[in-house]
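Asks:
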Amino acid sequence: MPSNPATHNQTKHWQALDAAHHIHPFTETQALNKKGVRVITKADGIYVWDSEGHRLIDGMSGLWCVNVGYGRKEIAQAAYDAMNELPYYNLFFQTTNPYATELAAKIASVTPAGLDRIMFANSGSEANDTALKLIRYYWNLQGKPQKKIHISREYAYHGVTMAAASLSGLTPMHPQFDLPLAGFEKVPTVYWYGFGGDKDPNAYGLEVARKLEEKILELGPDRVASFSAEPVHGAGGLMFPPDSYWPEIQRICKKYDVLLHLDEVITGFGRTGNWFGAQTFGIAPDIMTMAKGISSGYQPISAIALGPLMGNAIATANEELVHGFTWSGHPVACAVSLKNLEIIEREKLVERVRDDIGPYFQAKIRELASHPLVGEVRGIGLLGAIELVKDKKNRLFFPPDENVGTQCRNHCFSNGLVMRAIRDTMVLAPPMIVKRDEVDEIVRLARRCFDLTASDLGISTR
Ligand code: PXG
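For reference, each letter of the sequence shown is one residue, going 28 to 489 in our numbering.
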């Protein structure tokens, strides 16, 4: 029973409204309505509270986005100030606003060399949709209009608009909407623990990268516009490439004149211990998309950064670029993002992830490898994945319909820890301000929930 009946009544009220009027993303509506939705009412630091007064550690930074943590008063102040000064004006018809221009320059200063021209959108999906349009436009400008096929990877998550969902390689995202659209092709992804078998990881990395070459040759290089990928898979299961993978991918893209589009929506703004995954993995993309960490989730905003090839072609085309959103470069979202990036720099949060809390977090989550349910622990910076398996010695996975990951995730929620289950991989991406004792607590709670899950399954933890 909740300690306070008044808050419980309020929860019931919200649950009833929600059930009557709200359709949730990626949710089975009937099942949720029967159970009653959880209402999150406040947040501070790395914690969130629900309407019943339960405190949870947010091990996922919302949806991988609240990099500077919750409750930053100076970001709220920046939003308030911008809203008073200039609540809205657009970037169309030869106008701009100071916040958007400053933010474009700021982003250009932290992206890898050459990615100097920025366009704004409002979500990761819109950024990726925009990226694909700009790629198509680039090839049209080059007089190669037949180069139109977009290749991406199985298990990729690039968002939900028609094009971004088509680019995504998570197949359950497609049938409800008759996707993917024509012109979207997939190659296998790099997931050594799941698919690499006994192979040496680097040999496996090369082998998988070369599937891209095979696909380009099969389709014809003169028809392939781009290859899109996240530096590391996020929502697809947090899979990390062996060292051999990205150099080979880049060699192939260069050889066949295929533009490399890097989706940094999760990996951007410090998560891997550098500003971008591109720097961590030595990737030089032609175009990069980013969202979440730009504003640490305090406002919806995303961006597309163009390298010299695309940037120069588009910036010197003698015609109007027929694309843009009402909210592109919204002054409040840009003011918030500028403050967020100022905090990341002032508090040296990227360096902290690289040199201090990142290595500490990685060492602590690896302690979980000794648990009988844990097959592999992998991660970098403040990204961590712990894969639950049926038989760790023989690398045997649970049947998907046992929903072991979901079971474990439910234990996590009940025990005060928000952890994401992707199939049976338990994922962590805590805010970049997380302290050492908070990491200890996250790992202690995770172990307890693995024990509870093992107990449900009748597996001994002694
Ligand atoms: N690219 C990547 C790599 C993402 O992770 C998007 C694009 C789309 O961004 P928008 O802003 O349109 O949602 C994402 C989003 C999850 C989860 O459960 C992950 C995302 C979104 C929702 C849920 O892991 N990533």
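Quick reminder that beta carbons are idealized off the backbone N, C-alpha and C, glycines included. Please read these numbers as outputs of a predicted model, since none were measured by experiment.
#1: If you drop the 5 nearest sequence neighbours on each side, which residues of the same chain put their C-beta closer than 7 Å to that of GLY210?
#2: Can you tell me the Cα-Cα spacing of ARG237 and PRO268, whole angstroms?
#3: Is it true that the CB of MET337 sits closer than 8 Å to the CB of THR138?
#4: Which word fits MET28, buried or exposed, when buried means at least 16 other C-beta atoms lie within 10 angstroms of its C-beta?
#5: Determine the direct distance from the alpha carbon of HIS48 to that of LEU59, and round the result to whole angstroms.
#6: Tell me whether the beta-carbon of ALA362 lies closer than 8 Å to the beta-carbon of ALA109.
#7: Based on Cα-Cα distance, which residue from GLN169, PRO52, HIS35 lies nearest to ALA344?
#8: What is the rounded straight-line gap between the Cα of VAL359 and the Cα of LEU415?
#9: When you compare each of ASN149, TYR220, GLY80 to ALA318 by their alpha carbons, which one comes out closest?
#10: On the CB-based measure, 16 or more other CB atoms within 10 Å of its CB, does ALA396 come out buried or exposed?
#11: Comparing alpha-carbon positions, which option in THR353, GLU374, LEU484 lies nearest THR122?
#12: Any heavy atom of ligand 1 within a distance shorter than 7 Å of the CB on TRP91?
#13: With SER364 as the anchor, note down where its beta strand (DSSP E) starts and where it stops.
#14: To the nearest angstrom, how far is it from the Cα of VAL21 to the Cα of GLY485?
#15: Please list, in chain order, all residues of the same chain as PRO215 whose beta carbon is under 8 Å from its beta carbon, the five residues on each side excluded.
#16: Could you pull out every residue in the same chain whose Cβ sits closer than 8 Å to the Cβ of PRO274, ignoring the five residues on either side in sequence?
#17: Rounded to the nearest angstrom, what separates ALA252 and TYR218 at their Cα positions?
#18: According to DSSP, what are the bridge partners of ARG447?
#19: If you count every other CB in all the chains shown that lies within 10 Å of the CB of LYS100, and 16 or more means buried, which is it?
#20: Taking the straight line between their C-alpha atoms, what separation do you get for ALA481 and MET459?
#21: Should SER322 be listed as close to ligand 1, given that the test is whether its C-beta is under 7 Å from any heavy atom?
#22: Any idea which residues DSSP pairs PHE254 with across the strands?
#23: When the Cα of PRO457 is compared with those of SER255, ASN301, TRP91, which residue comes out closest?
#24: Please identify the residue among LEU368, ARG65, LEU44, ARG436 whose C-alpha is closest to the C-alpha of ALA132.
#25: From the DSSP output, read off the bridge partner residues of ILE145.
#26: Just mark LYS420 as buried or exposed, buried being the case when its beta carbon has 16 or more other beta carbons within 10 Å.
#27: Our contact map puts SER322 next to SER364 with C-beta atoms below 8 Å; I'd like the distance itself, whole angstroms only.
#28: What is the DSSP secondary structure of ILE243, reduced to helix, strand or coil?
#29: Can you tell which of GLU378, PHE303, VAL454 has the C-alpha that lies nearest to the C-alpha of THR294?
#30: Following a CB-centred definition, is ILE293 positioned closer than 7 Å to any heavy atom of ligand 1?
Replies: In terms of the structure at hand:
#1: Residue 210 sits at position 183 when you count from the first residue of the sequence shown. Cβ neighbours of GLY210 beyond the five flanking positions: LYS175, ILE176, HIS177.
#2: If you number the sequence shown from 1, residue 237 lands on position 210. If you number the sequence shown from 1, residue 268 lands on position 241. Rounded to the nearest whole angstrom, the C-alpha separation of ARG237 and PRO268 is 14 Å.
#3: The residue you call residue 138 lines up with position 111 of the sequence shown. The residue you call residue 337 lines up with position 310 of the sequence shown. Their beta carbons are not under 8 Å apart, which means THR138 does not touch MET337 by this criterion.
#4: Translated into the one-based positions of the sequence shown, residue 28 becomes position 1. Because the pLDDT of MET28 is 49, which lies under 50, any placement of that residue in the model is unreliable, and the number read from its coordinates should be weighed accordingly. Exposed, since its Cβ has fewer than 16 Cβ neighbours within 10 Å.
#5: Translated into the one-based positions of the sequence shown, residue 59 becomes position 32. Translated into the one-based positions of the sequence shown, residue 48 becomes position 21. LEU59 and HIS48 have their alpha carbons spaced roughly 13 Å apart.
#6: Residue 362 sits at position 335 when you count from the first residue of the sequence shown. Residue 109 sits at position 82 when you count from the first residue of the sequence shown. Cβ distance < 8 Å, so ALA362 and ALA109 count as in contact.
#7: For the purposes of this step, residue 344 is taken as residue 317 along the sequence shown, with counting starting at 1. That would be GLN169, whose Cα lies nearest to the Cα of ALA344.
#8: One-based indexing of the sequence shown puts residue 359 at position 332. One-based indexing of the sequence shown puts residue 415 at position 388. Approximately 42 Å, taken between the alpha carbons.
#9: In the sequence shown, the residue the question calls residue 318 occupies position 291. Among ASN149, TYR220, GLY80, the Cα nearest to that of ALA318 is on ASN149.
#10: Locating residue 396 in the sequence shown gives position 369, counting from the first residue. Result: exposed.
#11: Within the sequence shown, residue 122 is the residue found at index 95, counting from 1. Residue nearest to THR122 within the set THR353, GLU374, LEU484 is THR353 (criterion: CA-CA distance).
#12: Taking the sequence shown and counting its residues from 1, the one referred to as residue 91 is at position 64. Flag set: Cβ of TRP91 near ligand 1.
#13: Locating residue 364 in the sequence shown gives position 337, counting from the first residue. Careful: SER364 lies outside any beta strand (DSSP E), inside the alpha helix (DSSP H) at 358-373.
#14: The question about residue 21 has no answer, for the chain in this structure spans 28 to 489.
#15: As a first step, residue 215 is located in the sequence shown; it is residue number 188 there, counting from the start. Excluding residues within five positions, the ones whose Cβ falls inside 8 Å are ARG180, GLU181, PHE222, VAL235, LYS238.
#16: By 1-based counting over the sequence shown, the position of residue 274 is 247. Contacts found: GLY309.
#17: Within the sequence shown, the letter at position 225 stands for residue 252. Within the sequence shown, the letter at position 191 stands for residue 218. For ALA252 and TYR218, the distance between alpha carbons rounds to 25 Å.
#18: By 1-based counting over the sequence shown, the position of residue 447 is 420. VAL454.
#19: Taking the sequence shown and counting its residues from 1, the one referred to as residue 100 is at position 73. The residue in question, LYS100, is exposed, as its Cβ has fewer than 16 Cβ neighbours within 10 Å.
#20: The sequence position of residue 481 within the sequence shown is 454, counting from 1. The sequence position of residue 459 within the sequence shown is 432, counting from 1. The alpha-carbon separation between ALA481 and MET459 amounts to approximately 30 Å.
#21: Start at 1 with the first residue of the sequence shown, and residue 322 comes out as number 295. Answer for SER322: no, Cβ out of range of ligand 1.
#22: Stepping through the sequence shown from its first residue, residue 254 is reached at position 227. As a beta-bridge residue in DSSP terms, PHE254 pairs with ILE178, LEU287.
#23: Working through the sequence shown from its first residue, we reach residue 457 at position 430. The shortest C-alpha separation from PRO457 is found at TRP91.
#24: For the purposes of this step, residue 132 is taken as residue 105 along the sequence shown, with counting starting at 1. Taking each of LEU368, ARG65, LEU44, ARG436 in turn and checking the Cα distance to ALA132, the smallest one comes out for LEU368.
#25: Your numbering for residue 145 matches position 118 in the sequence shown. In the DSSP assignment, ILE145 forms a beta bridge with ALA332.
#26: The count along the sequence shown starts at 1 and reaches residue 420 at position 393. The residue in question, LYS420, is exposed, as its Cβ has fewer than 16 Cβ neighbours within 10 Å.
#27: Counting from 1 along the sequence shown, the entry for residue 322 is found at position 295. Counting from 1 along the sequence shown, the entry for residue 364 is found at position 337. Indeed, because the Cβ distance is near 4 Å, the residues count as touching under 8 Å.
#28: On the sequence shown, residue 243 is found 216 positions in, with the first residue counted as 1. Note: ILE243 maps to helix in three-state DSSP.
#29: Looking up residue 294 in the sequence shown gives position 267. Comparing Cα-Cα distances from THR294 to each of GLU378, PHE303, VAL454, the minimum goes to PHE303.
#30: Here the question's residue 293 lines up with position 266 in the sequence shown. For ligand 1, at least one heavy atom lies less than 7 Å from the Cβ of ILE293.
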